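Numbering (our numbering), first residue to last: 11 to 228.
Report on the structure given below.
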């Protein structure tokens with residue numbers, strides 16, 4: 011009704027009704043044009059994945075990492091030295107009673123250039139976790155395994171190389187005997203799994219009769 015516009019309080023104020031407004035008109039969309047899709051994570055400069063790919067990835071020369079080993083006892087130490095097991099130090103307890111085995115061990119260690127250290131017996135007890143050592147201990151560094159790719163690289167040669175792959179060999183003495191046999195048959199290497207397998211310990215090295223020094227194990 012026409013009279014409704016004349017009611018008190020019904021006066022329409024100028025500009026009270028919201029009219030059409032001007033939007034972005036695609037300005038923001040146009041501002042994003044040309045950037046393309048989001049690149050993968052390894053291609054973003056500040057993403058952790060990109061930093062990982064930029065870091066040099068050194069090739070591992072070994073499939074596993076063993077810890078240094080300490081051989082205890084006069085007979086085991088002498089057998090390792092006779093077999094040419096690589097060692098870094100020979101520990102002798104101060105005041106220990108010498109016999110032929112200890113004397114020969116010291117002589118062989120000196121010939122091989124192995125450090126000979128005399129230590130108090132309590133120190134040697136701590137080094138060996140109070141195991142029976144008979145006053146002598148031989149420190150053997152971790153075995154340096156070959157890389158499997160280096161052994162497999164010669165598989166295509168003529169004549170092909172002889173490689174022996176082992177599985178479920180848990181006794182290091184059996185592993186050492188196999189390494190000795192493979193070397194005797196002119197083999198070029200031994201492959202062992204990284205898990206559920208014996209490692210090339212001082213026992214395996216001793217059983218191999220020095221073949222572990224010539225035949226690579228990966």
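For every residue, glycine included, the Cβ atom is placed at its ideal position computed from N, Cα and C.
The structure presented is a predicted model; accordingly, all values stated were derived computationally and were not measured.
Rounded to the nearest angstrom, the gap between the Cα atoms of residue 228 and residue 105 is 42 Å.
In this model, residue 138 and residue 89 are separated by some 19 Å (Cα to Cα). Shown here, residue 80 sits in a strand according to DSSP, grouped into three states. Taking 7 Å as the cut-off, the Cβ atoms of residue 147 and residue 82 count as close. DSSP places residue 174 within a strand segment (E or B) once states are collapsed to three.
In this structure, the CA atom of residue 143 is about 21 Å from the CA atom of residue 217. Between residue 101 and residue 122, the C-beta gap is not smaller than 7 Å, which leaves the two residues out of contact. Each residue's CA atom was taken as its position, placing residue 84 and residue 167 some 45 Å apart. If one requires a minimum length of 4 residues, the alpha helix (DSSP H) runs lying completely within the stretch 73–158 are 84–92, 110–121 and 131–137, in chain order. One alpha carbon belongs to residue 172, the other to residue 183, and they sit about 22 Å apart.
Under the three-state reduction of DSSP, residue 225 is assigned to coil, being neither helix nor strand. Taking residue 185 as the centre and dropping the five residues before and after it, the same chain places the C-beta of 179, 208 and 214 closer than 6 Å to its C-beta, in chain order. In the DSSP assignment, residue 200 forms a beta bridge with 174 and 227.
In this chain, the alpha helix (DSSP H) harbouring residue 188 covers 182–194. With a threshold of 16 other beta carbon atoms within 10 Å, residue 145 meets it and is buried. Per DSSP, residue 213 is one residue of the alpha helix (DSSP H) stretching across 212–217. In the structure shown, residue 164 falls within a helical segment according to DSSP collapsed to helix, strand and coil. A Cβ-Cβ separation of about 7 Å places residue 92 in contact with residue 118 under the 8 Å criterion. Of the candidates 164, 201, 221 and 206, the residue whose Cα lies closest to the Cα of residue 191 is 221. Put simply, of 206, 77, 115 and 199 the residue whose alpha carbon is nearest the alpha carbon of residue 158 is 199. Judged by their CB atoms, residue 114 and residue 211 are not nearer to each other than the 7 Å cut-off. With 16 or more neighbouring CB atoms inside 10 Å of its own CB, residue 202 falls in the buried class.
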